[in-house]
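Per my numbering, residue 475 is the first one in the sequence shown, and the count goes up by one each step.
Note that CB positions come from ideal geometry on N, CA and C, so glycine has one too.
These figures come from a predicted structure and were not determined experimentally.
To start, the structure under review is shown below, and the notes come after it.
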Amino acid sequence: MKSSIPKEERLEIKKKTSKNMMYLAIGSMIMLFLGLASGYYVSKTGPVWVSITVPDEFFISSGVIILSSITFFIASKLAKKGKFNLVPIFVIITLILGLVFVKFQRDGWKHMKSRGMYLSDVVKIDGLLKNKDVEYGVDYKIFMNDNELKYVDGVFYDKRDEYNSIPMYPSLDADNVSSSWMYILTGLHLAHLIGGIISLIVVTIKSLLKKYNENDIVGIEVSSIYWHFLDFLWLSLLFLLYFVG
């Protein structure tokens with residue numbers, strides 16, 4: 475039985491429904507990451523906090539995901555202009571850049587592991603100080619009551635103590651949870667990005683099969699919205715880890 479609703483109206487309903495569902499999903503993800511960011515900030519304000527230096531690979535991956543967002547934007551614009559023969563090219567480039575992003579995320583985690591910082595292991599501060607593979611002030615810093623400490627000749631001082639007159643004694647058996655937070659936040663983002671990569675694969679296949687036309691590019695638009703959100707989310711997380719952590 476054929477629908478009595480005109481085809482153009484059905485397509486418009488499909489477009490609005492798909493976009494609203496995506497916005498709802500994005501809203502849920504924003505709430506999730508806001509909750510995690512709050513937990514991260516509260517943990518930082520504790521008596522002792524080990525601030526982990528963000529791996530260089532995470533900054534490289536930021537440039538990659540920004541570039542991928544640009545290429546997907548171009549693909550969307552081309553689709554709206556009806557230039558569907560060019561759409562697959564830019565979607566495939568976006569997909570490749572997404573995979574490169576994953577590669578640099580993995581390299582960033584490997585970098586952290588090489589410094590003795592793991593997700594599941596609880597690292598003690600005294601263990602970090604004895605680890606010859608990491609350097610205090612370069613790979614990590616210690617904060618006491620939200621004040622950064624400097625490490626001079628085996629003794630901690632408040633960084634603002636110009637003459638090193640008052641030694642500080644942070645609990646050296648305190649747990650290093652900041653590395654766990656870094657794994658959790660970046661790992662959850664990557665999990666959501668995998669979903670974005672799957673959507674890119676679907677869009678690529680449909681583009682190559684010429685499933686899109688001037689009246690129906692909903693799949694491209696919805697996938698583009700999600701990918702741009704992942705870009706924004708990653709940059710927000712990097713800002714949190716670098717400036718707040």
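Inset, instruction - Would you decide whether I672 is buried or exposed? Buried here means 16 or more other CB atoms lie within 10 Å of its CB. - result: Exposed is the call here.
Inset, instruction - Taking F541 as the reference, give the member of L714, L709, Y716 and F713 with the closest Cα. - result: The displayed chain sequence assigns Leu, not Phe, to residue 541. Check the Cα spacing between L541 and each of L714, L709, Y716 and F713: the tightest is with L709.
Inset, instruction - Within its chain, find whatever has a CB closer than 8 Å to the CB of S588; leave out the 5 residues flanking it on each side and keep chain order. - result: D607
Inset, instruction - Check the DSSP bridge columns for N621 and list the partner residues they point to. - result: M618
Legend entry - Contact check, S464 vs Y700, beta carbons under 8 Å: Only positions 475 to 719 of the chain appear in this structure, which leaves residue 464 out of reach.
Inset, instruction - Compare the C-alpha of L510 against each of I487, V676, V528 and L662 and name the closest. - result: L662
Legend entry - Exposure of M495, with buried meaning 16 or more beta-carbon neighbours within 10 Å: exposed
Inset, instruction - Go through its chain and collect everything with a Cβ distance to G582's Cβ below 6 Å, but skip five positions before and after it. - result: Taken in chain order, the residues that qualify are P529, E531 and F532.
Inset, instruction - Drop a sphere of 10 angstroms on the beta-carbon of A549, count the other beta-carbons inside from all chains shown, and report buried for 16 or more, exposed for fewer. - result: By the Cβ neighbour-count rule, A549 is buried, with 16 or more other Cβ atoms within 10 Å of its own.
Legend entry - Separation of F558 from V565, as counted between CA atoms: 11 Å
Inset, instruction - Kindly give me the distance between the Cβ atoms of M503 and H702, rounded to whole angstroms, as I take these residues to be in contact under 8 Å. - result: Not confirmed; about 13 Å, so no contact.
Legend entry - C-alpha distance - D635 paired with Y610, whole-angstrom precision: 18 Å
Inset, instruction - Alpha carbon to alpha carbon, how far is K604 from V572? Give it in angstroms, no decimals. - result: Note that residue 572 is Gly in the sequence shown here, rather than Val. Taking the straight line from one Cα to the other gives about 38 Å.
Inset, instruction - Count the other CB atoms, across all protein chains shown, that sit within 10 Å of the CB of G670; report buried if there are 16 or more and exposed otherwise. - result: buried
Legend entry - Residues that DSSP places opposite V522 in a beta bridge: DSSP, once it has assigned bridges, lists M618 as partnering V522.
Legend entry - Same chain only: Cβ atoms within 8 Å of M475, ignoring 5 sequence neighbours per side: Low confidence applies here, because M475 scores a pLDDT of 45, under 50, leaving its location unreliable and the question unanswered by this model.
Legend entry - First through last residue of the alpha helix (DSSP H) which encompasses F564: V561 to S588
Legend entry - Boundaries (first-last residue) of the alpha helix (DSSP H) holding D635: Note, D635: premise wrong, no alpha helix (DSSP H); not H, not E.
Inset, instruction - Within 10 angstroms of the Cβ of D627, are there 16 or more other Cβ atoms? Answer buried if so, exposed if not. - result: Exposed, because fewer than 16 other Cβ atoms sit within 10 Å of the Cβ of D627.
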